[in-house]
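Residue numbers (our numbering), protein chains in the order written: chain A, 525 to 886; chain B, 99 to 393; chain C, 3 to 291.
Ideal Cβ placement from N, Cα and C applies to all residues, glycine included.
Keep in mind that this is a model prediction, so the values were computed, not measured.
Input: a single structure, listed below in structure tokens.
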Amino acid sequence: MADVDIKDLHKVFDRTEAVRGIDLSIKDNEFVILVGPSGCGKSTVLRMIAGLEEVTKGKIYIGENLVNDVPPKDRDIAMVFQSYALYPHMTVFENMSFGLRLRKFSKEDIKKRVEEAGKVLGISELLERRPRQLSGGQRQRVAMGRAIVRNPKVFLFDEPLSNLDAKMRGQMRIEIKRVHQHLKTTTIYVTHDQVEAMTLADRVVVMKDGKIEQIGTPDDIYNFPKTGFVAGFIGSPAMNFVPSKIVRNGEDFSVRVNENISFSIEKDKQENINNFNGKDVLLGIRPEHINEKISDESIEHKIKIDLVEPLGMETMVYFTINGVQLCGRVSPENNLTSNSTISLNFNKKKFHIIDPVTDKVL
Amino acid sequence: MNINNLLIWLKQKPRIAFFMCLPLILMVACLIIYPFFYSIFLATLNKAETKFVGLANFLFLFKRETFWLVVQQSIFFALVAVFFKALIGFIAAHSINELPSKGQRKWRGMLLIPWVIPPALSTLGWWWLFEPTYSALNWALEKLSIDAIPWLSETFWARFSIILVNIWVGAPFFLIMYLAALKSIPEDLYEAASIDGANYWQKLFFITLPMMKNIISITILFSIIVTFANFDIVRVLTRGGPIDTTHLFATYAFRVGIESGDIPLGAAVSLFMFPVLAVLSFIILRNVRKRTNEV
Amino acid sequence: MKILSYRNSINNNRKWALFAAYGCLILFVIFFLFPPYYMLVTSLKTNKEIAELSSNPWLINQGLTFEHYKYLFTETPFLTFFKNTIIVTISVVIITMVISVLAAYSLSRLRFWGSGVLATGIFLTYLVPDTLLFIPLFKIVGWLGLLNSYWVLVLVYPTLSVPFCTWLMIGYFSSIPKEIDEAALIDGANHMQMLLKVFIPVAMPGLIAATIFAFTVSWAGFLYPLAFIYSESEMVLTVGTVTTLIKGDVFHWGGLMAGALLAAAPPVIVYAFLMDYYIAGLTSGATKG
């Protein structure tokens, strides 16, 4: 059980800077997820915390200790790899107990720990098998078991679910959440899948190009993104971005998409908007906020459907405004077809305005 | 049956397959299988090859001291040389693997050279290095105040030299094989082991060696076969001397069979290699079979 | 803030490992390369210097000379040896590749009665090495009237190269997915065409490796020519250099070294250019099984 503190972390490979100044404070027992597109540096950060990559600049603290120069085995961490990294020539029991055997734990102690971890993960009957006899999900559990028996200060997960099929991924997500609740250990988890980030994390760290875009709870990130990137990255299907203009009505500002759709901007946000009068911005609005529900919170607008995607539980409707393809969510009962015209309601409270130049949400 | 029918019959897959294999089958039958059995027959003849003497040649060899020297020397030579070749090959492969991948190629290239040079020719170079009067090695030793070594004239040192040259020629093979095997071990196993707490030696012992078990045993067995049947090095360096103390089966058979003209006796000598080779090959075959079944 | 032990730090460990690696490698390189180096040095020294015992034999102290190389070319049958070796080697390589490729294709792709046995049998030919066969072959070759001609080598060398090359090609061919066969069959190819137009191009790295192996093995052959060939005019480089450059009791060391180096040069040059194929060929066993 420990805090993890990262101060001004940098990493340079050959000539490229993969990590450009990361500051992060993780509290004891927190489940923090680093999420971002490929190449954003999240795995590199994790590996530096693990000690598998050298730190070019900056400091990493685990608990009270500065661990920059400490080898992985002395950092009291455990890691679950994307490819599981199970030792093929050892049984499941031997795989899980390897770290304990190296540290000269007693046989009884090892047996107790492995059996307990086996129970927690539901792999007790597999202890004498070899990795090649196991399915992907089972191997993943063994990899987790190997981490659990060590009772480390920090758990590190490096895209553990990427190699599983969709159904298995869903199951393992629940497993991981359950295990975290049971074990109450600080966990740092890396993934490119924002669904995992949203469902598992206490806090989400969105990364791009080696820097942190935003840190916050899943709620914060979803509802109050600070940059256009975060807004578009989190949420599936992704947020719609429509080119719009800021117009002034006397004292009030509003953002105007077209003749029909215009959202007024709340007074407390107007300070930021001042400089943008008459300028082009992007309006961000999530698909679930474009639907057929009529209310006084929404503006109705007729659109011509480009494409329909029936998903069973709901239907996605694609249409074009201002030259950009947008997506709206309607209930599945509507029998919609391409090229037909329907009315959609745009929620006038739940939108974001993004400055296209700085990518900041205003 | 007219030509058309014949051609159609021939064009069937199994027939084509058979014909494609035919050159190989013929070659193996005529130049390997037949001579082998012929040599068994030859070994049962007398020196003039006029009458059949049964196992007399074999019994004759059993009674000769030189023959037993050859047996001991061949076995000792094979085991010692292969051990060191494997060891050097492994250490070298491991060292190369530690280097950044860009630089590995030139080291690998330089270290493979002894294996590429025809052994008979590189042994000439060693012969010159061991030459009693002019030995450059002895010159270097004298500079270190060590007495000159009678590399080829004294039994102990002659054996040492043969083994040394054999190691020199053969280690690169092991280097290449082990390097390839090392590279096929996934890197994340070592990372997981780092986190589990393994130091350098523990990683070597618990991960590297077990995962290389198969390739290590196959290369060693293979090399024992080849080293056991070695000819070139001994022939050029010592011709089996001094006083037959460096003879191997091959060189002894050559001396007896070709140089002294007793073909049947020579055949008998070389046939003694066969049981050892058969046992070793059988073990290898079983290993390879087991591995392909596992995969 | 407690700072944990520095002695075991990542940096230190890595530096130590690299240092040890380079140390070992330098020692090995010296060990592996000093004999050829010495051969080169000797071949460039004057006879006078070679005979002197006082100066450092590892360096050329009294001036470079090419007289040994000249001697080789003008006063020994060296060039004849070279010519013979080339003829033998090229013939053997061609024969080997034809036999191996055909057999490998048939064994890896086409089933027929006994094909499994044959594939194992190829491996077993190593049970019967040249050092066992040279005696009976001596008699057989005598009947064929090929004794003392370098064509005898063209006959027997393939036994040294074909088994390994076939095994190598079987490995490469087996790794070509069966769908390619099926696509070609649908496209209308017969087996010969499939072999020539599909398999050989795709397995080219294996072919190159096998060719290099066959080349090296026949260039280095020593026992068979020593047993079967007596006249200088028919000898190949290995035997010729070892036996004829020593006239009686006089060892012409300079010439011997020059001859050995030149004779060893072609495989080394082939290797220098095609090293990756060579190594890939050797190690395909380690990975393809």
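- Between the C-alpha atoms of Val-126 (chain B) and Pro-133 (chain B) there is a straight-line separation of about 10 angstroms.
- When secondary structure is reduced to three states using DSSP, Gly-740 (chain A) falls in the strand class.
- By the C-beta criterion, the region 699-711 of chain A is judged to be in contact with the region 679-686 of chain A, since at least 3 inter-stretch pairs fall below 8 angstroms.
- The C-beta distance from Val-367 (chain B) to Phe-380 (chain B) rounds to 22 angstroms, too long to fall under 8 angstroms, and the pair is not in contact.
- Within chain C, no residue has its beta carbon less than 8 angstroms from that of Gly-359 (chain B); the closest one is some 11 angstroms off.
- Counting only runs that start and end inside the region 207-283 of chain B, the alpha helix (DSSP H) elements of at least 4 residues fall at 217-228, 234-241 and 253-281.
- In the structure shown, the three-state DSSP call for Tyr-279 (chain C) is helix.
- Under the 8 angstroms criterion on CB atoms, Glu-196 (chain B) is classed as non-interfacial with respect to chain A.
- Under the Cβ criterion of 8 angstroms, Pro-79 (chain C) is not counted among the residues facing chain B.
- As DSSP reads the structure, Ser-768 (chain A) sits in a beta bridge with A:Val-805.
- The continuous beta strand (DSSP E) containing Cys-851 (chain A) extends over residues 848-854.
- Against chain C, the CB of Met-309 (chain B) has no partner CB under 8 angstroms away; the residue lies outside that interface.
- For Asn-155 (chain B), no beta strand (DSSP E) segment is defined; the enclosing uninterrupted segment is the alpha helix (DSSP H) at 154-161.
- For Met-259 (chain C), the nearest CB of chain B lies under 8 angstroms from its own CB, placing it at the interface with that chain.
- Residue environment: Gln-705 (chain A) is assigned as exposed (fewer than 16 neighbouring CB atoms within 10 Å of its CB, all protein chains considered).
- Shown here, Lys-791 (chain A) sits in a helix according to DSSP, grouped into three states.
- In this structure, Thr-349 (chain B) keeps its C-beta atom at 8 angstroms or more from the C-beta atom of Val-334 (chain B).
- Taken through DSSP and simplified to helix, strand or coil, Asp-189 (chain C) comes out as helix.
- Non-local beta-carbon contacts of Pro-217 (chain B) in its own chain, meaning distances under 7 angstroms to residues more than five positions away in sequence, involve Val-267, Asp-330 and Ile-331 in chain order.
- Here the region 840-850 of chain A does not lie against the region 787-797 of chain A, with fewer than 3 beta-carbon pairs under 8 angstroms apart.
- Less than 8 angstroms divides the Cβ of Phe-622 (chain A) from the Cβ of Met-614 (chain A).
- Against chain B, the CB of Arg-627 (chain A) has a partner CB under 8 angstroms away; the residue lies at that interface.
- Listed along chain C are Phe-224 and Val-244, each with a C-beta nearer than 9 angstroms to that of Val-334 (chain B).
- By the CB criterion at 8 angstroms, Val-591 (chain A) and Gly-565 (chain A) fall outside the cutoff.
- Taking the Cα of Ile-672 (chain A) as reference, the smallest distance to any Cα among A:Arg-780, A:Val-638 and A:Pro-767 is reached at A:Val-638.
- Approximately 6 angstroms separates the beta-carbon atoms of Gly-256 (chain C) and Lys-47 (chain C); this is inside 8 angstroms, confirming the contact.
- A residue is called buried when at least 16 other Cβ atoms come within 10 angstroms of its Cβ; Thr-715 (chain A) meets this threshold and is buried.
- In this structure, the alpha-carbon of Cys-26 (chain C) lies about 12 angstroms from that of Phe-34 (chain C).
- Beta-bridge pairing by DSSP links Ile-845 (chain A) to A:Val-848.
- Here the alpha carbon of Pro-248 (chain B) sits roughly 24 angstroms from the alpha carbon of Leu-42 (chain C).
- It is roughly 30 angstroms from the alpha-carbon of Phe-370 (chain B) to the alpha-carbon of Met-275 (chain B).
- In the structure shown, Ala-602 (chain A) falls within a strand segment according to DSSP collapsed to helix, strand and coil.
- By the Cβ criterion, the region 750-770 of chain A is not in contact with the region 576-596 of chain A, since fewer than three pairs of Cβ atoms, one from each stretch, lie closer than 8 angstroms.
- Under a 10 Å Cβ-count criterion, Asp-820 (chain A) is classified as exposed, with fewer than 16 other Cβ atoms of the shown protein chains found around its own Cβ.
- In the three-state DSSP reduction, Leu-149 (chain C) falls in the coil class, being neither helix nor strand.
- Its Cα nearest to that of Asp-830 (chain A), the residue A:Ile-866 stands out among A:Ile-866, A:Gly-808 and A:Val-805.
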